[in-house]
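Here is the structure we will look at, set down as structure tokens.
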Amino acid sequence: MAQKTQDRANQILHLLLQKGQSCVEDLAVTIDASPASVRRDLIKLAQRGLVNRTHGSVELAGKMTYEPFRFDAAFPLREERFANEKRRIAIAAAEMVNEGDTIALSPGTTTTQVARSLRHREGIHIVTNAVNIGMEFSSLPNARVTLTGGSIRWPGAFSMVGATAFDSLQRLFFDKVFMGACGIHPDHGLTVIESDEALVLGEMVRHAKQVIAVADASKLGIFTPVKVCATSDLHTIITDDSVDPELVEAFHRKQVRVIIV
201 MAQKTQDRAN QILHLLLQKG QSCVEDLAVT IDASPASVRR DLIKLAQRGL VNRTHGSVEL
261 AGKMTYEPFR FDAAFPLREE RFANEKRRIA IAAAEMVNEG DTIALSPGTT TTQVARSLRH
321 REGIHIVTNA VNIGMEFSSL PNARVTLTGG SIRWPGAFSM VGATAFDSLQ RLFFDKVFMG
381 ACGIHPDHGL TVIESDEALV LGEMVRHAKQ VIAVADASKL GIFTPVKVCA TSDLHTIITD
441 DSVDPELVEA FHRKQVRVII V
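The sequence shown begins at 201 in the numbering used here and counts up by one.
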């Protein structure tokens, strides 16, 4: 794809990421291109599996169907909880990723949204211990994705844990790790429920230049049984605009940047 065409395609994808849905005419006006050019770009993007075209409108390609879990509603239900907030958080997280970055993504519904917000990006290397996040990129020819390997121990979970997952991280270093959480507390740090998962995620944190927590406001100010990392290990928290201002101030006192979307 020629550079001018690629730049225009990236503009289209960025707009769809923000708006969710648009039409050829609106896209053409916004990016200052002819409708014919936009139509050709959309055909190519559809062939790459990045957009869905319907009569009169276009949108980003939606959720993948994970066949082994099609009868298990647990993950889709968690995805729908605070769905709009998670989508805004994911877009803000994706904006922090630069070309050439090596990033890690922990398992979770919010980090899955981050993955979807990165599906059109090239020139990045994604490492994850989440099977479903790997599947999000599996149909994209230009994606560079590394799965840690490991064992899947909980029904309906996509998280790989255990010695294989832990050991695979030893030789890897990340520009940024995007970390989901069950709880993030100013005094008790970032926490999850399972100790095996905490071990793997903690190793991701230790190998990252920047640790960015992505969590809706319901996760802030609480803590769960197992610590992944201390508050001092966090560089940034991205959360939604229903967060308690006192909590934001508490994180600021701990020298943690809080981005509210």
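Using N, Cα and C, we set each Cβ at its ideal position, and we do this for glycine too.
These numbers come from a predicted model, not from an experiment.
With respect to the beta strand (DSSP E) encompassing residue i, which residues constitute its N-terminal and C-terminal limits?
i: residue 384; result: 383-385
i: residue 204; result: No beta strand (DSSP E) contains residue 204, which is instead part of the alpha helix (DSSP H) from 203-219.
i: residue 299; result: No beta strand (DSSP E) holds residue 299; DSSP gives it neither H nor E.
i: residue 252; result: 251-254
Tell me the DSSP secondary structure of residue i in three-state form.
i: residue 231; result: helix
i: residue 451; result: helix
i: residue 311; result: helix
i: residue 435; result: coil
i: residue 244; result: helix
i: residue 334; result: helix
i: residue 324; result: coil
i: residue 359; result: strand
i: residue 306; result: coil
i: residue 284; result: helix
i: residue 345; result: strand
i: residue 291; result: helix
i: residue 222; result: strand
i: residue 364; result: helix
i: residue 271; result: Unreliable positioning characterises residue 271 in this predicted model, as indicated by a pLDDT of 46, which lies under 50. A coordinate reading is not provided.
i: residue 418; result: helix
i: residue 446; result: helix
i: residue 236; result: helix
Taking just the CA atoms, how far does residue j sit from residue i?
i: residue 414; j: residue 222; result: 27 Å
i: residue 460; j: residue 289; result: 8 Å
i: residue 287; j: residue 313; result: 6 Å
i: residue 341; j: residue 447; result: 42 Å
i: residue 458; j: residue 310; result: 16 Å
i: residue 464; j: residue 361; result: Beyond the ends of the chain as shown, which are 201 and 461, falls residue 464; an answer cannot be given.
Determine the contact status of residue i and residue j, defining contact as a CB-CB distance below 8 Å.
i: residue 389; j: residue 419; result: no
i: residue 527; j: residue 333; result: As shown, the chain starts at 201 and ends at 461. That puts residue 527 outside it, with no answer to give.
i: residue 437; j: residue 451; result: yes
i: residue 378; j: residue 412; result: yes
i: residue 349; j: residue 328; result: no
i: residue 242; j: residue 253; result: yes
i: residue 306; j: residue 249; result: no
Using only the heavy atoms of the ligand MG, determine whether one of them is closer than 7 Å to the beta carbon of residue i.
i: residue 371; result: Questions concerning the ligand MG fall outside what the structure shown contains, since it holds no ligand whatsoever.
What residue does the alpha helix (DSSP H) around residue i start on, and which one ends it?
i: residue 460; result: Not the alpha helix (DSSP H): residue 460 falls in the beta strand (DSSP E), residues 457-460.
i: residue 396; result: 395-406
Using a Cβ cut-off of 8 Å (strictly closer), state whether residue i contacts chain D.
i: residue 455; result: Reference to chain D is not applicable here, since this structure consists of a single protein chain.
Stretch-stretch touch, CB-based, cutoff 8 Å, three pairs: the segment 347-367 with the segment 394-402: yes
Sufficient close CB pairs (3 or more, under 8 Å) joining the segment 291-306 to the segment 365-377: yes
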